[in-house]
Amino acid sequence: MRNGAAVAALAAAVVVTFTATEATARAPRTERVSTTSTGAQLDGSSHQGVLSDDGRYAAFSTKAVEFGCHRNAYTCLQVKDRATGEVTAVPGADGFSWAPPVLSGDGRHVGFTAGTKVPVPEVYDRVTGTSRRVLPDSDDQAWVGELWSLSRDGGHVAYGAGTRPRPTQRLYVRDTARGTDDLISGEADGDKEFASVSADGTRVAYQLRTAGDDRADVLVRNRTTGETVQVDKGLGRSRLVQLGESGREVVLVADGGTYVHDLRTGRTRHLADAPAVSASRDGRYAVVRAVKGDSAEEGTLTLLDLRTGRRTPVGHGDAVPGAVTARGREVAFTSGATDLVPDDTNGDFDIFVRHTR
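Quick note, the sequence shown lines up with residues -25 to -1, 1 to 332 if you use mature numbering (1 follows the signal peptide of the UniProt record, and there is no 0).
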């Protein structure tokens, strides 16, 4: 009887301990991810944090001397495995960063645009340890470009290419398995400013600015049918945030507010007065940033459920495309605040991740 009672008591204790630990793990909290593999804070600022769909991998640019980066010159790019703490430098990304890094949904591929004088888009494969430039195969052009989007498995890449001083005159989608490039929008259409590709690569949304016009429009190209539609008609000056991985929903900002356009129904919904700065790959969640004049303090980040309208506080700082995990469970952001985690004394900008639930 004593042994039975002891076993029962032990089992109950284990259940209680597990339940408490699980509850703690799921409680909203903030952690700093721009640290060394041992968790030590960095000597140097970090910016542009992005996450894989499951949140395991985080990529960010930094000037931390612990990674051999140039604190007073160019940045370098690091990828952190948050499960093991291992931090890996991305080869070839130790020059000036022209745009935020891009992670494929599975976290295997890292897209970036680097170069000390001219922008060159590349994709790094963490498994093979190799990098590949992503530019049109032509010997008659001195190509430069900018990488904007990777599909979930890294099989499709949306990037801009052109010649100096206009590196985004053309928009391409690269099929990495075939090594082919599909021209989506040419020079005559105007300069492209951003793009986002669906999971299967069949659709690509992009932001276009025509010559002599200070307005930008958001369009979506169906690569299967060749049809191109404008999704921001009547909304004024617009900015693309994200094309959902299904290729159906487009998250965009127009005249300072956040909207979602449904390509199937043609309906556009206004969701927030504040502008979105990032969105989840599935297009359901967006991070909006309060601007001057909003009810919230300027710079306050909030996670918005685009389906239910639910709002979840994130923190004070800034976020870039690719900062939201699947189902909106985690959000990466940059902040100079020193009260988000204990012992933040480096006096630099850091990358944090907010666990929303």
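C-beta: ideal position from N, C-alpha, C; glycine also.
- For residue 204 and residue 313, the gap between their C-alpha atoms comes out near 45 Å.
- Taking residue 39 as the centre and dropping the five residues before and after it, the same chain places the C-beta of 17, 18, 19, 21 closer than 7 Å to its C-beta, in chain order.
- Taken through DSSP and simplified to helix, strand or coil, residue 64 comes out as strand.
- With fewer than 16 other Cβ atoms inside 10 Å of its own Cβ, residue 245 counts as exposed.
- Of the candidates 134, 214, 194, 214 places its Cα closest to the Cα of residue 253.
- In the displayed model, residue 225 falls within a strand according to three-state DSSP.
- Taken atom to atom, the span from the alpha-carbon of residue 242 to that of residue 163 is near 29 Å.
- Between residue 331 and residue 303 a beta carbon distance of about 6 Å is seen, short of the 8 Å cut, so the two are scored as contacting.
- Here residue 281 is buried, its C-beta having at least 16 other C-beta atoms within 10 Å.
- Taking 8 Å as the cut-off, the beta carbon of residue 160 is found closer than this to the beta carbon of residue 181.
- Following the DSSP letters along the chain, one finds residue 307 inside the beta strand (DSSP E) bounded by residues 305 to 310.
- Distance from residue 28 to residue 80 at the Cβ level is roughly 4 Å; contact confirmed, criterion being Cβ atoms closer than 8 Å.
- When DSSP states are grouped into helix, strand and coil, residue 33 belongs to the strand group.
- Boundaries for residue 152: no beta strand (DSSP E) harbours it, and the DSSP string shows neither H nor E there.
- Listed in chain order, the beta strand (DSSP E) elements of length 3 or more contained wholly in the region 139 to 205 are 141 to 150, 155 to 160, 166 to 172, 178 to 184, 192 to 197, 203 to 205.
- Boundaries of the beta strand (DSSP E) harbouring residue 123: 119 to 125, taken from the DSSP string.
- With contacts defined as CB atoms closer than 8 Å, residue 297 and residue 77 qualify as a contacting pair.
- When secondary structure is reduced to three states using DSSP, residue 263 falls in the strand class.
- CA-to-CA, the gap between residue 219 and residue 195 works out to about 12 Å.
- Under the DSSP assignment, residue 235 falls in the beta strand (DSSP E) whose first and last residues are 232 to 237.
- Beta-bridge pairing by DSSP links residue 290 to 276.
- The beta carbons of residue 251 and residue 261 sit closer together than 8 Å.
- Closest option to residue 128, judged by alpha-carbon separation, among 206, 136, 146, 102: 102.
- Distances from the alpha-carbon of residue 230 to those of 221, 140, 63, 249 put 249 closest.
- Burial state of residue 317 is exposed, judged by a 10 Å Cβ sphere holding fewer than 16 other Cβ atoms.
- Around the Cβ of residue 167, a 10 Å sphere holds 16 or more other Cβ atoms; the residue is buried.
- Across the structure, residue 238 and residue 221 are spaced so that their CA atoms are roughly 11 Å apart.
- Taking 8 Å as the cut-off, the beta carbon of residue 122 is found closer than this to the beta carbon of residue 86.
- Considering only 63, 69, 62, the residue with the shortest C-alpha distance to residue 44 is 69.
- The continuous beta strand (DSSP E) containing residue 24 extends over residues 21 to 26.
- Taking all protein chains shown into account, residue 270 has fewer than 16 neighbouring C-beta atoms within 10 Å of its C-beta and is therefore exposed.
- A straight-line Cα-Cα distance of about 46 Å links residue 49 and residue 240.
- Counting the other CB atoms within 10 Å of its CB gives residue 267 a total below 16, which places it among the exposed residues.
- In the three-state scheme derived from DSSP, where H, G and I count as helix and E and B as strand, residue 329 is classed as strand.
- For the pair residue 295 and residue 25, the CB atoms are nearer than the 8 Å cut-off.
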